[in-house]
Amino acid sequence: MPAVSQAGAFEDFFVAIKFDDEYRLKSLLLRGMDPNTVNEQGFPAIVFGMMQDSPNAVRVLLSSGKLNPNQADRRGETPLMVACTLNKPEWVAALLEKGAKQGGDGQWTALHNAAASGSLESIELLAKSGVKIDVLSPNDTTPLMMAAREGREAAVRMLLKLGANPALKNQAGYNAAGYAMKANRKELAFEIMKKERALRTAPLKPNKTN
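Going by my numbering, the first residue of the sequence shown is number 394, and it counts up by one from there.
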């Protein structure tokens, strides 16, 4: 099969992704188009496909052995972060399998995005892969705070069940309950405060003796 020519190939590539044309996309990749190509707006092909809600194109790109699962877009968002924001756990699972990194303290991470969007399946997948539940953003915001700020009650409960610390505060001085109150989610705020109080007053477990 002849190699893809640069003339017109770039445009054809992103048109195929936009219109979810998996056959055209496969043809271009087989002819040498780089799956990590970035469009004129600064979005890698797979992120563009996710944003266009082109599931067939995303699947084709994910199947490419040359795909970089950690390539960030112009905003600093990785494919894993975008998949979590869009509540697409099937993409989250595929990216984790391809070695997508979740990020750590001092960064906005996929778990922050999953919490903010209320993507329960994504939170569960990230937790099973070993993510730090209280991972801190650049301003020390935790995923629990993000879920509370957006009023994602089920996500808040899941994160608390996974061991998130409701007492932590970020650099703005807010904890999770504070963000829930700010979002006018008083019942959620009281639920978080109740959990925090229970953790604070819980008796210490005795040390085990041999």
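Note that beta-carbon positions come from the ideal geometry of N, C-alpha and C, so glycine has one too. What you are looking at is a predicted structure, and each value in this text was computed from that prediction instead of being measured.
Our contact map puts residue i next to residue j with C-beta atoms below 8 Å; I'd like the distance itself, whole angstroms only.
i, j, result
"A493", "L473", "4 Å"
"A540", "G497", "With a Cβ gap of about 19 Å, A540 and G497 do not count as contacting."
"Q464", "N429", "6 Å"
"L518", "M551", "The pair is not a contact, with the Cβ atoms about 12 Å apart (cut-off 8 Å)."
"A560", "E589", "5 Å"
"M586", "Y567", "At roughly 13 Å, the Cβ-Cβ gap does not stay under 8 Å, so M586 and Y567 are not in contact."
"A582", "A573", "4 Å"
Where does residue i land, buried or exposed, given buried means 16+ other C-beta within 10 angstroms?
i, result
"V408", "exposed"
"T478", "buried"
"D466", "buried"
"R542", "buried"
"F412", "exposed"
"P536", "buried"
"R468", "exposed"
"G523", "exposed"
"T602", "For T602, the predicted structure reports a pLDDT of 46, less than 50, and the residue's modelled location is therefore unreliable. A value from the coordinates is still provided. Looking at its Cβ environment, which holds fewer than 16 other Cβ atoms inside 10 Å, T602 is exposed."
"P395", "Its pLDDT being 45, under 50, P395 is placed unreliably by the model, and the measurement read from it follows with that caveat. So P395 counts as exposed."
"Q495", "buried"
"A595", "exposed"
"R593", "exposed"
Give a yes or no on whether 8 Å exceeds the smallest Cβ distance from residue i to chain B.
i, result
"Q564", "Note that chain B does not occur in the displayed structure, where there is just one protein chain."
Please determine, among the options, the residue with the shortest C-alpha to C-alpha distance to residue i.
i, options, result
"A508", "G571, A547 and K521", "A547"
"L421", "I516, K521, L555 and G401", "G401"
"S515", "S530, A591 and L489", "L489"
"P482", "N461, T534 and P448", "P448"
"K554", "D427, Q495 and E584", "E584"
"G425", "D527, F441 and F406", "F406"
"N480", "M444, K459 and A582", "M444"
"G544", "L529, W484 and A576", "A576"
"I410", "E470, V431, A438 and G571", "A438"
"E470", "V549, S456 and W501", "W501"
"R452", "W484, K587 and K491", "W484"
"L529", "G442, L592, K562 and M574", "K562"
"A570", "T534, A450, A595 and T594", "T534"
"N461", "P596, E580, A476 and D427", "D427"
"L455", "E415, Q434 and N432", "E415"
"L436", "K419, V475, A565 and L423", "It is Phe, not Leu, that sits at residue 436 in the sequence shown. Comparing Cα-Cα distances from F436 to each of K419, V475, A565 and L423, the minimum goes to V475."
"A565", "K521, K525 and N532", "N532"
"S457", "F441, D446 and K491", "K491"
In the DSSP assignment, what residue or residues form a beta bridge with residue i?
i, result
"P437", "V431"
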